[in-house]
Amino acid sequence: MSSVVETPAPPRFQPGDYKSDLKPVWCAGCGDFGVVSAMYRAMAELQLEPWNTVVVSGIGCSSRLPGYVEAYGFNSVHGRALPIATGIKVARPELNVVAVGGDGDGLAIGGNHFLHASRRNLDVFYVLMDNEIYGLTKGQAAPTTPSGDKTKSTFFGNPEPSVDPCELAISFGATWVARGFSGDMKGLVDLMVAGMSHRGFAFLNVMSPCVTWRGDDQFKVMKAKLRSLPEGYDRSSRAAAFAYTRETETLTTGVLYEAHEPSLLDRLEAQRTKAMEGHEGLTTEKVLKVFFPPF
Amino acid sequence: MSSVVETPAPPRFQPGDYKSDLKPVWCAGCGDFGVVSAMYRAMAELQLEPWNTVVVSGIGCSSRLPGYVEAYGFNSVHGRALPIATGIKVARPELNVVAVGGDGDGLAIGGNHFLHASRRNLDVFYVLMDNEIYGLTKGQAAPTTPSGDKTKSTFFGNPEPSVDPCELAISFGATWVARGFSGDMKGLVDLMVAGMSHRGFAFLNVMSPCVTWRGDDQFKVMKAKLRSLPEGYDRSSRAAAFAYTRETETLTTGVLYEAHEPSLLDRLEAQRTKAMEGHEGLTTEKVLKVFFPPF
Amino acid sequence: MPTRDLTLAMVGSGGDGVVTMGDMMAQAGARDGLNVIKVEAYGPQIRGGESSCTLRMSADPISAQGDAVDVLVVFNWADFTRFKGEVVPKADAVILYEASDPTPLEDVKIPTATNAAWIPVPFVELATKATGTKAAKNIVTLGILAELFGIPQESVRKAVEFKFGKKKAGVLEANLKGFAAGREFAGTIGVDVSARKLEYSISAPKLVMTGNEACAVAALHAGCRFFAGYPITPSSEVLHFLSEWLPRSGGRIVQTEDELSALGAIIGGSFAGVKSMTSTSGPGLSLMAEMLGLASMAEIPVVILDVQRGGPSTGLPTKSEQSDLYMAVFGSHGDAPRIVLAPTDVEDCFHATVDAFNIAEETQLPVIVLSDQAIGQSRQTVEKANLVHEVIDRRTPTAEELADYKRYAQTPTGVSPMSVPGTKGGMYQTNGLEHDETARPASSHVMHEKMSRKRFKKLDFVEEKYPLYVHLGPEKADVGIVCWGSSKGPVEEAMKELAANGVSVSAFVPRIIMPFPKKAFLQYAASVKTLVFLEVNFVGQLYNYLRTLVDLPAGTRVFTRSGGMNLSVTEVKGRIESVLSEPGVREEVTA
Amino acid sequence: MPTRDLTLAMVGSGGDGVVTMGDMMAQAGARDGLNVIKVEAYGPQIRGGESSCTLRMSADPISAQGDAVDVLVVFNWADFTRFKGEVVPKADAVILYEASDPTPLEDVKIPTATNAAWIPVPFVELATKATGTKAAKNIVTLGILAELFGIPQESVRKAVEFKFGKKKAGVLEANLKGFAAGREFAGTIGVDVSARKLEYSISAPKLVMTGNEACAVAALHAGCRFFAGYPITPSSEVLHFLSEWLPRSGGRIVQTEDELSALGAIIGGSFAGVKSMTSTSGPGLSLMAEMLGLASMAEIPVVILDVQRGGPSTGLPTKSEQSDLYMAVFGSHGDAPRIVLAPTDVEDCFHATVDAFNIAEETQLPVIVLSDQAIGQSRQTVEKANLVHEVIDRRTPTAEELADYKRYAQTPTGVSPMSVPGTKGGMYQTNGLEHDETARPASSHVMHEKMSRKRFKKLDFVEEKYPLYVHLGPEKADVGIVCWGSSKGPVEEAMKELAANGVSVSAFVPRIIMPFPKKAFLQYAASVKTLVFLEVNFVGQLYNYLRTLVDLPAGTRVFTRSGGMNLSVTEVKGRIESVLSEPGVREEVTA
Ligand SMILES: Cc1ncc(C[n+]2csc(CCOP(=O)(O)OP(=O)(O)O)c2C)c(N)n1
Ligand SMILES: Cc1ncc(C[n+]2csc(CCOP(=O)(O)OP(=O)(O)O)c2C)c(N)n1
Ligand code: SF4
Ligand code: SF4
Ligand SMILES: [Mg+2]
Ligand SMILES: [Mg+2]
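Residue numbers (the numbering used here), protein chains in the order written: chain E, 518 to 812; chain Y, 518 to 812; chain C, 71 to 661; chain R, 71 to 661.
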């Protein structure tokens with residue numbers, strides 16, 4: 518995301534202004550409540566104009582989020598938040614585009630788009646609500662479900678290893694990669710503000726407990742594992758980041774990786790500017806010239 | 518791949534025995550000739566029984582390879598070699614299954630399957646013929662095409678950064694990851710023998726020049742960059758491997774990463790054995806019992 | 071005068087245990103050999119929202135849930151209003167409602183219940199008193215219902231014992247107390263509900279299963295030993311069931327990353343010689359379009375179960391519709407033959423699935439089983455004796471065929487010998503390109519035409535051998551209904567009532583959609599005066615598809631509407647009556 | 071007697087420069103204002119395999135390549151045999167062949183060329199002598215052809231000059247020498263070929279373009295400023311062209327990772343207010359099935375160009391077929407309305423594409439343009455003056471509509487006000503779930519029916535405003551051909567010949583498939599004695615689809631065959647003759 522409005526004083530938008538009046542379908546205690554609240558606050562902190570903001574998602578409990586944000590929104594189809602976000606942002610670079618979704622949505626069916634949006638360094642802030650399960654479809658294994666866990670779809674325990682979304686994002690080419698926890702409001706808001714302000718592809722993995730299919734405990738277990746990155750952590754190093762991926766005993770939050778490279782729109786814009794030189798006011802008439810015999 | 522036949526003496530199969538009598542459609546000078554030749558030799562070295570071997574691919578110049586191998590073969594649809602290989606291997610674990618394809622096939626449209634086959638540590642040897650271009654469709658940018666390159670689809674130069682397939686494979690969870698060069702027959706055969714012998718997901722990225730769309734030079738340029746991994750290289754370390762990914766000035770071949778973890782079939786087999794206990798000779802009749810009121 | 075057929079509906083929210091109660095009663099009924107159909111419905115909340123459970127129990131065979139309920143249990147009027155139009159009490163229904171609900175009765179509008187018995191019940195109070203917790207409310211209710219409506223307390227009590235028997239000490243006792251308190255309270259109700267008392271003699275227990283479970287068991291029965299799938303409502307239960315039973319049967323299962331991969335994997339599994347299946351719903355079926363063409367082109371037998379829900383796009387994920395027929399029959403680019411079956415009820419899910427595997431193996435074609443949510447997730451009793459079905463296995467090539475092996479040899483039926491990896495003389499390299507008899511890529515238009523012809527020829531064999539359909543009602547009739555899938559049940563129920571009223575009506579329900587049993591259908595069409603299509607989709611997908619195959623009689627009537635609500639008996643009757651009285655091709659749904 | 075219409079075919083392999091030669095002649099012809107149609111064909115080799123180039127040049131309007139060639143140039147008989155049945159010389163054709171080819175002439179079987187003039191030419195020798203390299207063979211040939219067949223050497227020489235003018239010194243000179251050597255050699259041929267000499271007067275230059283290029287230019291013309299696509303034969307040229315011209319026009323383009331993403335991206339682009347397009351071929355269209363339903367459900371205008379090739383699956387990637395109609399019309403689960411257009415030639419590609427954008431904006435529906443390889447990759451001359459077409463832009467909501475904004479407001483046409491991000495009062499959250507007028511998820515069957523009705527209503531408007539079709543031939547006729555897409559050309563050519571032979575024949579070629587111009591079609595059907603469908607797909611997809619819409623007259627005849635070869639003029643004539651003589655619904659293709 519690139520075009521962020523500068524903060525005027527006093528703030529025109531309060532967090533509550535970003536709350537739509539649609540009632541969430543989420544279960545009481547669902548981590549996603551924390552995520553959407555943090556988003557209201559981050560948006561207010563950045564004073565994003567709702568009508569210049571689009572929140573895009575796929576399908577899942579978490580993907581219902583755009584409906585709860587007072588902005589333009591697109592709750593699309595399963596796994597395709599990022600293609601749609603790509604189109605919106607590339608077609609209209611001046612809009613603030615946030616993509617959100619679940620671990621199934623973004624890492625299972627949508628994994629390829631995550632790879633390519635990251636690789637392109639697309640100017641979008643992508644928030645993945647990681648509950649280590651498929652919530653909406655009632656509890657099947659996700660790519661982040663720990664190996665061995667019994668779920669609705671893995672009667673004898675999940676036979677597959679899980680992935681670390683942050684590690685993936687880094688090798689995919691994302692230029693801002695962070696981990697947060699839905700129970701840590703303050704930390705989450707800060708991460709969201711930073712992610713939304715990043716130029717290029719910013720990825721935030723939020724551990725967001727599913728009380729219904731991962732048990733009421735998940736929240737407490739995660740909270741107990743919570744750690745911060747050490748002082749002086751070098752977020753410019755991919756190698757450093759990998760020390761904080763695939764964690765099992767800890768849950769380290771913070772910005773694991775950040776790089777400053779031209780974003781997709783930077784590159785496209787440079788090409789476009791060059792391309793348009795000498796072609797100002799191009800008409801169909803002029804384009805058709807190339808089809809006449811050149812001699 | 519797991520079930521490799523032990524070598525009898527004298528060898529029953531010569532490399533030529535694995536060559537089908539279908540004439541390759543490849544351009545003279547195409548790197549893929551080197552890849553298929555290396556495969557014949559590696560298969561002979563391992564004395565794979567052709568009829569117990571399946572070579573699977575997607576669509577692309579490189580994906581024509583299964584037609585040229587005397588074994589069972591499946592030239593499927595674009596990007597889907599790995600799903601099909603998954604089905605073959607999981608349904609019939611005793612078969613030797615090799616998946617092959619191009620950089621477009623495996624990293625663009627098929628990227629998600631690459632991620633998940635790796636994550637599962639599927640018992641398949643996957644050879645990606647990386648020519649940094651879409652060959653069959655006549656020269657569009659691939660996910661490995663260097664940024665800035667002019668191709669048929671990028672008139673103003675490729676605006677997108679490229680990925681390193683080996684780096685991806687490692688973060689995806691592949692347990693054997695190597696890089697080879699189609700012009701280095703000896704090295705390639707060794708890598709293939711090792712890859713085919715690995716238990717779990719083995720990934721070999723072969724730099725395989727496309728003389729038609731990347732220029733006759735590509736071969737020479739690559740050859741000049743060729744390096745080997747240093748003596749004493751620690752292939753068990755992911756961090757070490759990342760020193761040899763995203764190379765631009767060099768082209769380091771060899772096994773970048775290797776880990777020994779249970780393969781998908783190891784895990785499935787363990788579950789299956791446990792599941793079948795007490796259910797020997799399960800009949801429909803017996804299964805139906807669960808639907809009677811239990812009281 | 072007691073009844074032989076009773077429909078109960080229970081409405082509450084999250085903690086009320088409405089569905090558990092329904093399950094326990096259904097099991098109790100099945101244990102007594104009753105015929106039972108149970109359906110659940112939920113609001114949009116993921117958990118803790120409103121839910122309803124409707125249960126029909128009958129001493130005689132039944133084929134649909136029935137629209138109107140005899141007995142309504144309401145724990146909370148606010149929840150009930152969410153199911154307006156879905157849970158409809160009969161005029162003289164018995165309505166048991168929570169006495170402490172603050173909603174004034176005059177605010178509760180149930181237009182149909184003109185003559186109902188309204189009985190306030192202190193469910194919460196009874197539960198708290200008897201067991202110390204209001205959580206036992208549903209067990210108290212079970213006691214009341216068992217007592218009032220004649221479901222032998224023996225069975226219901228067993229259900230309670232089974233449910234709580236393994237819990238920690240005291241739990242079972244408390245619940246049994248609650249159950250007794252309910253029965254006792256029932257005795258104090260001064261309203262005569264004896265007309266609603268079920269009368270039946272206990273017979274052998276029946277199975278209780280959903281359509282999805284029936285499909286899953288059928289797959290095991292048919293010899294399916296590989297399944298790959300991606301969860302999606304309302305088909306995920308197939309994945310769930312098989313994740314337990316496929317490994318037990320010595321098979322293997324993979325939850326793939328998406329539906330493209332799921333179909334790809336089973337194409338691989340079947341290519342490798344193992345009978346393979348996937349299950350999905352509309353969005354997943356759409357994603358399978360390209361792979362479907364591959365299976366058709368490479369001639370690889372696979373079974374795809376599509377449990378239809380409301381579409382297009384994400385649509386109405388938890389509700390039924392019959393709108394994937396176009397996609398099943400016509401989806402995928404190019405001329406790509408496939409088989410499409412459509413089960414008509416839970417029991418038929420078993421048969422359709424075994425048939426699907428059989429036909430797949432016999433023809434080397436992809437077979438789509440078009441179930442729908444109303445079948446897939448409805449729980450019904452089934453006679454075990456009916457779940458038998460012959461299994462056909464893959465024919466392996468003969469020694470003669472292997473001598474000069476041609477994977478796609480031209481044959482009279484279009485079906486060629488398919489060898490399986492491991493077979494020494496049977497190697498071939500298949501592909502989705504057009505190819506010659508030996509599977510080599512071939513781009514000549516002559517070969518393409520020959521091979522297209524070969525691939526389509528296989529449908530003729532199926533049309534001949536599998537003219538699957540059901541003819542309901544008399545041999546000749548004034549009105550002939552054509553419907554499919556879950557609509558068979560309500561049509562059958564409505565026909566009983568219509569026939570009782572002297573209406574001459576029959577029905578034709580195809581169980582195979584492609585190739586369509588044309589011969590039987592044309593004979594049927596000739597046996598009725600007016601053909602009436604009833605479909606739960608907007609455009610009339612079966613009707614339109616049929617027009618591509620046969621000339622339908624002039625005067626054929628078509629009633630279609632979008633899904634979200636199953637076809638109801640009342641609706642069927644209404645439409646038949648409107649055919650008999652006034653013209654009109656499409657009717658509005660109003661509610 | 072010279073001719074006004076000449077068809078040349080050149081056959082060689084990789085290094086022979088056959089296609090370059092064809093291009094130069096086509097350009098030369100266009101410069102002279104001739105009508106030109108050029109088609110290429112290749113063997114399976116990726117590069118360096120056999121290739122053929124067929125070029126028709128005419129002083130009068132032409133609509134198809136024509137099946138039989140007047141002049142055949144063969145550099146290598148081995149290559150020629152690969153195109154057997156595709157390159158067919160006329161009985162009295164002029165055949166120029168490499169003199170040094172070792173194949174004995176008696177081994178060269180060209181059954182059609184019963185009375186041909188066989189002229190050995192030492193192409194290689196002439197080139198080597200004149201230019202020092204045999205690479206100039208094609209330029210020598212140009213000299214011979216220009217001289218013998220009357221293509222003004224002025225234009226051809228200009229083409230040579232243009233091609234080599236910028237090369238390093240000496241190259242142009244050498245080639246001009248080669249050109250002169252060819253002309254000179256032509257003078258020494260002692261065979262009279264004057265009947266094949268093109269006679270025409272030079273007129274204003276024409277454009278030379280392919281159907282794919284016409285679609286791409288049309289997109290720019292229509293205001294498309296965002297394109298996302300994935301390469302696939304035979305549609306990639308659209309991506310290529312737009313990668314150059316879209317940025318120049320101030321637009322943006324993304325080559326996505328696959329087709330799902332491509333359609334997703336343009337749905338996003340259009341949602342954001344920018345006219346957006348993608349292009350693909352069959353396999354890509356199949357992959358778009360789910361996203362197509364989303365566009366239909368969320369009512370987002372998008373244009374999808376599908377350049378059809380042989381299917382199913384990977385099929386015949388470089389050859390034409392008309393077999394994606396089913397997928398275009400019926401693909402995607404649920405009831406999902408969409409628009410389908412089908413251009414009939416290169417020029418019509420321009421109009422269909424602009425229409426597609428216009429209709430998309432007017433209806434907020436996905437629009438599929440079903441082109442085919444035979445149009446998309448054939449290079450034809452077009453009059454610039456014909457490439458004008460009105461452009462309709464998106465209607466933005468009025469202040470009044472924004473005051474109480476309802477994205478999916480019920481309106482008489484079914485089209486609702488669509489606001490674009492950035493509009494202050496126009497915020498909404500769209501989705502693929504069923505929703506109410508304000509876009510909120512709604513799962514009631516009543517809302518579902520209302521909204522289905524709204525979405526389908528939009529088709530009525532299109533059927534009324536855009537009854538796009540072509541009626542060829544007389545107002546009334548004995549035989550009425552129905553065909554579509556690239557088949558229009560050969561049908562038109564065949565009709566000329568049939569009419570000349572006194573056969574009373576007309577044709578109806580729809581340019582919009584969905585909604586079909588039913589009214590016009592029924593009128594047309596009534597104007598002919600026998601309706602004859604000609605389709606280049608196996609099952610008769612247009613025919614069957616039409617049966618879902620109208621009752622076709624009894625006696626309608628249907629000729630379908632798989633693709634891989636374009637419909638030929640001879641074939642059309644043969645089929646019409648068979649209709650006039652003997653019955654039969656399907657004919658074998660033989661070759
Ligand atoms: C193509 C397709 N396949 C499957 C589904 C069913 N489905 C809906 S949400 C979902 C997964 C939900 O998990 P996740 O993305 O982790 O979100 P959560 O509910 O956990 O927040 C699935 C499989 C679908 N809607 N579309
Ligand atoms: C669904 C689908 N989309 C697009 C294509 C067209 N296509 C065929 S091969 C190919 C890419 C080839 O590139 P790569 O995989 O790198 O193989 P190479 O030819 O370079 O060996 C594409 C885009 C297709 N066949 N199917
Ligand atoms: S099911 Fe889980 S993820 Fe979904 S709303 Fe409930 S708690 Fe949240
Ligand atoms: S186009 Fe390139 S990749 Fe394809 S066969 Fe030719 S050289 Fe090889
Ligand atoms: Mg999740
Ligand atoms: Mg490539």
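From the three backbone atoms N, C-alpha and C, an ideal C-beta is built for every residue, glycine too.
Remember, predicted model here, so these are calculated numbers, not experimental data.
Leaving aside the five residues that flank E:Pro528 on each side, the residues in its chain whose CB is nearer than 7 Å to its CB run, in chain order, Ala561 and Gln564. The alpha helix (DSSP H) runs of length 4 or more contained entirely in the stretch 334 to 417 of chain C are, from start to end of the chain, 352 to 357, 359 to 368 and 395 to 400. Excluding five sequence positions before and after Y:Val694, the CB atoms of its chain that fall closer than 6 Å to its own CB belong to Cys683, Ala686, Ile687, Phe720, Leu773 and Tyr774, given in chain order. The Cβ atoms of E:Val644 and E:Pro660 do not sit closer than 9 Å to each other. The Cβ atoms of R:Phe608 and R:Tyr594 lie no closer than 9 Å to each other.
Below 8 Å, too few C-beta pairs join the stretch 238 to 251 of chain R and the stretch 634 to 645 of chain C to call them touching: fewer than three. Relative to ligand 6, even the nearest heavy atom lies 8 Å or more away from the CB of Y:Ala598.
Of the candidates C:Leu277, C:Thr350 and C:Leu364, C:Leu277 places its Cα closest to the Cα of Y:Phe812.
Within the stretch 661 to 685 of chain E, those residues whose Cβ lies closer than 7 Å to any Cβ of chain C are, in chain order, Lys669, Ser670, Thr671, Phe672 and Phe673. Around the Cβ of C:Pro487, a 10 Å sphere holds 16 or more other Cβ atoms; the residue is buried.
Counting along the chain, C:Leu503 sits inside no beta strand (DSSP E), nor does DSSP assign it H or E at all. Proximity of the beta carbon of E:Pro660 to ligand 3 is not indicated: no heavy atom of the ligand is located closer than 8 Å.
Per the coordinates, the alpha-carbon of R:Val373 lies some 26 Å from the alpha-carbon of R:Glu519.
Taking 9 Å as the cut-off, the Cβ atoms of R:Gln325 and R:Asn636 do not count as close. At the C-beta level, R:Ile337 and E:Ser580 stay beyond 9 Å of one another.
Secondary structure of C:Ala577 (DSSP, three-state): strand.
Residue nearest to Y:Asp640 within the set E:Lys806, E:Met646 and E:Glu677 is E:Glu677 (criterion: CA-CA distance).
The alpha-carbon of C:Ala547 is positioned some 10 Å away from that of C:Ala596. Cβ neighbours of C:Phe145 within its own chain (closer than 6 Å, five residues either side excluded): Gly82, Asp86 and Glu168. Within the stretch 503 to 537 of chain C, the residues whose Cβ lies closer than 8 Å to any Cβ of chain Y are, in chain order, Leu503, Arg510 and Pro511.
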